[in-house]
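Each residue of the sequence shown is one higher than the one before, counting from 1 in the numbering used here. Note that beta-carbon positions come from the ideal geometry of N, C-alpha and C, so glycine has one too.
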Amino acid sequence: MRRAEIVAWGQPLEIHEYPTPEPTGTEVLVRVTACGICHSDLHIHAGYFDLGGGRQIRIEERGVKLPFTMGHEVVGRVERLGPEASGVEVGREYVVYPWIGCGRCEACQRGDELLCLKPRIIGTWVHGGYADHVIVPHPRYLVPFDGIPREVAATYACSGITAWSALAKTGVARPDQTLLLIGVGGVGTNALHLAPHAVPGRVIVADVDPAKRERALAAGAAAAFDPADPQAVRQVKEWTGGGCAAAIDFVGRPETAQFGLDCLVQKGGTLVVVGLYGDRLALPLPLLPLRILTLRGSYVGTLDDLKAVVRLAQAGKVPFIPVRTRPLEEVNAALADLAAGRVIGRQVLVP
Ligand SMILES: [Zn+2]
Ligand SMILES: [Zn+2]
1 MRRAEIVAWG QPLEIHEYPT PEPTGTEVLV RVTACGICHS DLHIHAGYFD
51 LGGGRQIRIE ERGVKLPFTM GHEVVGRVER LGPEASGVEV GREYVVYPWI
101 GCGRCEACQR GDELLCLKPR IIGTWVHGGY ADHVIVPHPR YLVPFDGIPR
151 EVAATYACSG ITAWSALAKT GVARPDQTLL LIGVGGVGTN ALHLAPHAVP
201 GRVIVADVDP AKRERALAAG AAAAFDPADP QAVRQVKEWT GGGCAAAIDF
251 VGRPETAQFG LDCLVQKGGT LVVVGLYGDR LALPLPLLPL RILTLRGSYV
301 GTLDDLKAVV RLAQAGKVPF IPVRTRPLEE VNAALADLAA GRVIGRQVLV
351 P
C-alpha cells in the first residue's frame with residue numbers, strides 16, 4: 001500500500017510503499033476511494049497549534065510519531081474483515097467515522113468517545129486516509145451513504161459533523177432569534193446548509209471575502225456582513241434589532257471571536273468557538289456574569305451526528321458542497337492551495 005506521510009513537521013509529504021496491513025480482531029481493512037483535506041490538516045502538518053503569547057501545543061508531545069499519515073475525512077470500500085468483524089459488506093463503500101476513543105475507559109463505555117483521553121483518531125492519532133488503505137478498528141464506525149457522491153460524503157466525517165454539532169450548542173430555540181456564522185469557508189458553508197434543520201431562527205453570516213459573502217447569500221443566508229468594516233457590529237445590531245442570540249466562530253482568531261462577542265445580544269448570548277486558527281482572546285471577566293455570556297467550544301461530532309448528517313443529505317435536504325478531486329501525488333500542492341486560501345469548498349484526494 002502507499003501512504004503520503006509527514007516525514008518532518010512542516011516539510012513536504014512523501015509517498016512511501018508499505019505492506020498492506022492484515023485486519024485482526026474486529027478490524028476492517030478499507031480501500032480508500034476519497035479523502036477530504038481538512039483545514040486542521042495544515043496544523044497537524046505544521047506540528048503545532050498556536051496558543052498565542054509564544055505558546056504552542058506540539059503534536060509530537062501528544063504522542064504522535066513520525067512518519068505519520070494524515071486524513072480523517074475518509075470514504076472507502078471494505079476490502080477485508082478481521083475474524084471478529086461483521087455487519088458490513090465486502091465491496092461496499094462507507095464513510096469512516098474517525099473520532100474514535102480507546103473503547104475501554106468510562107467515557108468510551110458511555111458512548112462519549114470524544115471525551116476519551118487515549119484517542120485512536122484516524123488521521124490525527126493513527127494513520128489516516130492520505131493513503132490507498134486504512135484500518136478501521138470496528139465495523140460500527142462505517143456508515144453507508146448510498147445516494148450521496150463519495151467525495152461529498154467524505155467531508156461529512158469532519159466538516160459536516162463539526163457544523164452540525166456546533167449548531168446544536170448555540171441554544172437558538174426561537175424563530176425570532178438570529179444566529180451569526182463567522183467564516184463561511186467549508187465548515188461554515190456546511191453549517192449554513194444544515195442550519196434550517198437544526199435551529200429555528202434566522203441565519204446571517206460574516207466573512208471578509210466578498211465572494212464568500214455572495215455565495216452565502218445565494219445559499220440562504222438572510223444577510224451577509226464584512227467584519228473588517230468598522231461599521232459591521234452596528235450594522236448587525238441594527239439588522240437584528242439588538243444583536244444575535246448566538247454566534248459560531250469558524251475561524252478562531254482573536255478578531256473573529258471578538259466580533260462574535262460584540263454582535264451578541266446585550267444579555268444571555270452564546271459564542272461557540274470552532275475554528276483552530278490560533279492566538280488568544282483578552283476577555284474582561286466581569287462581562288461573563290454581567291452579560292450572562294456563554295462562551296463554549298465545540299470539536300467535531302459524534303457517530304450519531306455523522307449518521308444524522310448523512311440521513312439529511314440522503315433525504316435531499318442538504319445541498320452538496322463543491323469538491324475538487326486530486327490524485328494522491330498532488331497532496332503537497334493541495335495543502336499549499338488550502339494554506340493560501342485558493343480553495344472553494346473541499347479538496348478531496350483520490351488515492
Ligand atoms: Zn477536520
Ligand atoms: Zn476511551
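Less than 7 Å between the C-beta atoms of residue i and residue j, yes or no?
i, j, result
"Gly36", "Val348", "yes"
"Leu192", "Ala223", "no"
"Ile161", "Val300", "yes"
"Glu17", "Pro137", "no"
"Ser165", "Asp305", "yes"
"Gly252", "Gly275", "yes"
"Leu51", "Tyr94", "no"
"Leu167", "Ala206", "no"
"Val272", "Ser298", "yes"
"Arg291", "Thr155", "no"
"Gly47", "Trp9", "yes"
"Val323", "Glu151", "yes"
"Pro327", "Asp132", "no"
"Pro98", "Gly123", "yes"
"Ala246", "Val331", "no"
"Ala195", "Val208", "no"
"Ile6", "Phe68", "yes"
"Asp279", "Pro254", "yes"
"Pro21", "Ile135", "yes"
"Thr170", "Leu180", "no"
"Arg120", "Ile100", "yes"
"Tyr130", "Ala308", "no"
"Gly260", "Asp249", "yes"
"Thr189", "Ile44", "no"
"Ala232", "Ile204", "no"
"Ala339", "Leu13", "no"
"Gly128", "Gly63", "no"
"Ala257", "Leu281", "yes"
Report the three-state DSSP secondary structure of residue i (helix, strand or coil).
i, result
"Thr240", "helix"
"Thr162", "helix"
"Gln56", "strand"
"Pro144", "strand"
"Ile15", "strand"
"Gln314", "helix"
"Cys38", "coil"
"Leu287", "helix"
"Val274", "coil"
"Arg104", "coil"
"Glu5", "strand"
"Arg120", "coil"
"Thr218", "According to the sequence shown, residue 218 is Ala rather than Thr. Three-state result, Ala218: helix."
"Arg280", "coil"
"Val90", "coil"
"Arg31", "strand"
"Val233", "helix"
"Ala308", "helix"
"Ala228", "coil"
"Ala173", "coil"
"Ala198", "coil"
"Ala211", "helix"
State the start and end residues of the unbroken alpha helix (DSSP H) segment that holds residue i.
i, result
"Phe49", "Careful: Phe49 lies outside any alpha helix (DSSP H), inside the beta strand (DSSP E) at Tyr48 to Gly52."
"Thr189", "Gly186 to Leu194"
"Asp249", "Element bounds for Asp249: not the alpha helix (DSSP H) but the beta strand (DSSP E), Ala246 to Asp249."
"Thr155", "Arg150 to Thr155"
"Leu338", "Val331 to Ala339"
State the start and end residues of the unbroken beta strand (DSSP E) segment that holds residue i.
i, result
"His138", "Looking at the DSSP string, His138 is not in any beta strand (DSSP E), and its letter there is neither H nor E."
"Pro254", "Careful: Pro254 lies outside any beta strand (DSSP E), inside the alpha helix (DSSP H) at Pro254 to Cys263."
"Pro327", "Val323 to Pro327"
"Gln347", "Arg346 to Val350"
"Glu93", "Glu93 to Val96"
"Glu73", "Glu73 to Leu81"
"Arg202", "Arg202 to Ala206"
"Leu180", "Thr178 to Ile182"
"Arg62", "No beta strand (DSSP E) contains Arg62, which DSSP labels as neither H nor E."
"Gly297", "Thr294 to Gly297"
Sorry if obvious, but does the Cβ on residue i come closer than 6 Å to a heavy atom of ligand 3?
i, result
"Cys158", "Ligand 3 is absent from the structure shown, which contains only ligand 1 and ligand 2."
Taking contact to mean 3 or more Cβ pairs, one atom from each stretch, closer than 8 Å, check whether the stretch 30-50 and the stretch 69-81 are in contact. yes
Would you check if there are 3 or more beta carbon pairs closer than 8 Å linking the stretch 197-215 to the stretch 165-185? The stretch 197-215, when compared against the stretch 165-185, does touch it at the 8 Å Cβ threshold.
How about the stretch 100-110 and the stretch 80-92: do they share at least three Cβ pairs that are nearer than 8 Å? no
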